[in-house]
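Just so we're aligned, residue 1 is where the sequence shown starts under full-length UniProt numbering, counting upward by one. Single-structure report; data block below.
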Amino acid sequence: MNCLGSKTHINPYSFYEPHLDVNEKFPPIEIFEFSDPGLRADPTKPHLLTSSVTKRHLSPCIGTELKGVQISQLGKEGLDELALFVAERKLVIFRDQDFKDIGPERQIEIARHFGPIQCHPTSANVKGYPEFHLVFRKTDLSDQANRTSWHTDVTYERQPPGTTFLFILRQPSLGGDTLFASQVEAYNRLSPEFQKRLQGLTAVHSGAVQADNAKRCGRPIRREAIETEHPLVRQHPVTGEKALFVNHGYTKRIVGFKPEESECLLKFLFDHISKGADFHVRATYEPGTVVVWDNRVTVHSATRDFPLDEDRLAVRLTPQAEIPIPA
Numbered sequence: 001m002n003c004l005g006s007k008t009h010i011n012p013y014s015f016y017e018p019h020l021d022v023n024e025k026f027p028p029i030e031i032f033e034f035s036d037p038g039l040r041a042d043p044t045k046p047h048l049l050t051s052s053v054t055k056r057h058l059s060p061c062i063g064t065e066l067k068g069v070q071i072s073q074l075g076k077e078g079l080d081e082l083a084l085f086v087a088e089r090k091l092v093i094f095r096d097q098d099f100k101d102i103g104p105e106r107q108i109e110i111a112r113h114f115g116p117i118q119c120h121p122t123s124a125n126v127k128g129y130p131e132f133h134l135v136f137r138k139t140d141l142s143d144q145a146n147r148t149s150w151h152t153d154v155t156y157e158r159q160p161p162g163t164t165f166l167f168i169l170r171q172p173s174l175g176g177d178t179l180f181a182s183q184v185e186a187y188n189r190l191s192p193e194f195q196k197r198l199q200g201l202t203a204v205h206s207g208a209v210q211a212d213n214a215k216r217c218g219r220p221i222r223r224e225a226i227e228t229e230h231p232l233v234r235q236h237p238v239t240g241e242k243a244l245f246v247n248h249g250y251t252k253r254i255v256g257f258k259p260e261e262s263e264c265l266l267k268f269l270f271d272h273i274s275k276g277a278d279f280h281v282r283a284t285y286e287p288g289t290v291v292v293w294d295n296r297v298t299v300h301s302a303t304r305d306f307p308l309d310e311d312r313l314a315v316r317l318t319p320q321a322e323i324p325i326p327a
């Protein structure tokens, strides 16, 4: 109570408020050895999928909702099984989690089980904890007809992310879901002859536009923007599945193609991915929801469909994985 007799509202998650320090600098990321924890997992997943867990698949090819298991209570074996399950299902939505209440050190410890955590070069983080990527969204359509933006996170990195975590701190009263699409199924839908023509091709993924936008908006540029070549089709190290590895956010051109040729092929692939509603799912959020997905085999987009006077604040932990394996 305050001196007027009314209750004072205390935000228990004020620790996670977005932090932007234009003087913060990071060194370049060094190449590291990586072995996916899913390779160690018991395929029956006895620690993750216990008898008390309820499981609901959202579609045949992507997305599963789990209830009755706490990520925070999983040991190393359970986290290995989580890596395998996410690789298989591409997206797993955990309900009724205590994850946002276990503190930053434990959150980071869990995420590091899946690889070194990427510290974002331009976006808001948490003061003293650059591993946290703050995702703040408002509904602003003043300069665009829509805000759908299919992407895979930070694919300009030499070793892009794998198993990725997101939890919501501030959710609008309505809307604010995330769309996901399976890049494995997008590849599978292509004809065998077309698949053959994609083999061996590489594309440039660039962080330059992201850095330019940060500079224009007065946000930090913590390390210099980089460009990296990755295969158009990659193979998952655990499942062996082949997946398209292009996204509208960061894939800029196909190596060895003339500009018109590259633009034509990339436009086809981007349209194919974005229009494939039969390999899309929508992740919805409730109090206690944690969304875990495999960035190697999915694309996603926020939906800014919520009321204009509301916003959305989420926290992402983004472990990096292997150098993409050409399919």
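For every residue, glycine included, the Cβ atom is placed at its ideal position computed from N, Cα and C.
Check                                                                                                                                                                      : Outcome
Counting only runs that start and end within the stretch 247 to 291, where is the alpha helix (DSSP H) found for 4 or more residues in a row?                              : 259 to 275
Thinking just about the alpha-carbon of each residue, which of Cys119, Phe85 and Gln183 is nearest to the one in Lys25?                                                    : Cys119
Any idea if Asn125 is buried or exposed, counting beta-carbon neighbours within 10 angstroms, 16 or more meaning buried?                                                   : buried
Could you tell me the alpha carbon to alpha carbon distance between Thr298 and Arg219, rounded to whole angstroms?                                                         : 28 Å
Can you tell me the Cα-Cα spacing of Leu198 and Val255, whole angstroms?                                                                                                   : 12 Å
What residue range is occupied by the uninterrupted alpha helix (DSSP H) comprising Glu327?                                                                                : According to the sequence provided, residue 327 is Ala. The question's Glu does not apply to it. Taken as a continuous stretch (DSSP letters only), Ala327 belongs to no alpha helix (DSSP H), as it is neither H nor E.
If you reduce the DSSP assignment to three classes, tell me which class Leu179 lands in.                                                                                   : strand
Can you say whether residue 353 is buried or exposed, counting buried as having 16 or more other CB atoms within 10 angstroms of its CB?                                   : Outside the displayed range of the chain (1 to 327) lies residue 353, so it cannot be described from this structure.
With a Cβ-Cβ cutoff of 8 Å, do Ala283 and Thr178 count as a contact?                                                                                                       : yes
So is Phe268 buried or exposed if we call it buried at 16+ other beta carbons inside 10 Å?                                                                                 : exposed
Using the rule of at least 16 other Cβ atoms within 10 Å of the residue's Cβ for burial, across every protein chain shown, is Leu134 buried or exposed?                    : buried
Tell me which residues share the same chain as residue 329 and place their Cβ nearer than 8 Å to its Cβ, disregarding the 5 neighbours each side in the sequence.          : Since the first residue of the chain shown is 1 and the last is 327, residue 329 is not available in this structure.
Would you report the Cα separation of Phe132 and Leu58, rounded to the nearest angstrom?                                                                                   : 28 Å
Where does the unbroken beta strand (DSSP E) through Gln235 begin, and where does it stop?                                                                                 : Val233 to Gln235
The alpha helix (DSSP H) with Ile117 in it runs from where to where?                                                                                                       : Element bounds for Ile117: n/a, residue is neither H nor E.
Use the C-beta contact count for Ala314: other C-beta atoms within 10 angstroms, 16 or more gives buried, fewer gives exposed.                                             : buried
Among Glu81, Gly63 and Cys61, which one has its Cα closest to the Cα of Val69?                                                                                             : Glu81
Of the residues Ala211, Glu224, Trp150 and Leu174, which one's Cα is nearest the Cα of Pro307?                                                                             : Leu174
Are the beta-carbon atoms of Lys55 and Thr64 separated by less than 8 Å?                                                                                                   : yes
Quick one: residues in its chain with C-beta nearer than 8 Å to the C-beta of Gly5, no 5 flanking neighbours on either side, listed in chain order?                        : The predicted position of Gly5 is uncertain, since its pLDDT is 43 and thus under 50; a value taken from the coordinates is nonetheless stated next. Excluding residues within five positions, none has a Cβ falling inside 8 Å.
So is Val281 buried or exposed if we call it buried at 16+ other beta carbons inside 10 Å?                                                                                 : buried
When we look at the beta-carbon of Arg296 and count the other beta-carbons within 10 Å, is it buried (16 or more) or exposed?                                              : buried
Looking at the strands, I want to know which residues DSSP matches up with Gln171.                                                                                         : Gln171 pairs with nothing; no bridge assigned.
Let me make sure I understand the geometry here. Which of Pro231, Thr289 and Asp305 has the alpha-carbon closest to that of Ile323?                                        : Pro231
Evaluate Thr251 with the Cβ neighbour count: other Cβ atoms within 10 Å of its Cβ, from every protein chain shown; 16 or more gives buried, anything less gives exposed.   : buried
To the nearest angstrom, how far is the alpha carbon of residue 329 from that of Pro172?                                                                                   : Since the first and last residues shown for the chain are 1 and 327, residue 329 lies out of range.
Drop a sphere of 10 angstroms on the beta-carbon of Pro60, count the other beta-carbons inside from all chains shown, and report buried for 16 or more, exposed for fewer. : exposed
When you compare only the Cα positions, how much space is there between His236 and Phe136?                                                                                 : 30 Å
If you draw a straight line from the alpha carbon of Phe85 to that of Gly38, how long is it in whole angstroms?                                                            : 8 Å
In this structure, what does DSSP give as the bridge partners for Asn125?                                                                                                  : His19
Can you list, in chain order, the stretches of the beta strand (DSSP E) that have 3 or more residues and sit fully within the stretch 193 to 249?                          : 202 to 206, 227 to 231, 233 to 235 and 242 to 244
For Gly288, I'd like the list of residues in its chain whose CB is within less than 6 Å of its CB, leaving aside the five on either flank, ordered along the chain.        : Asp96 and Gln97
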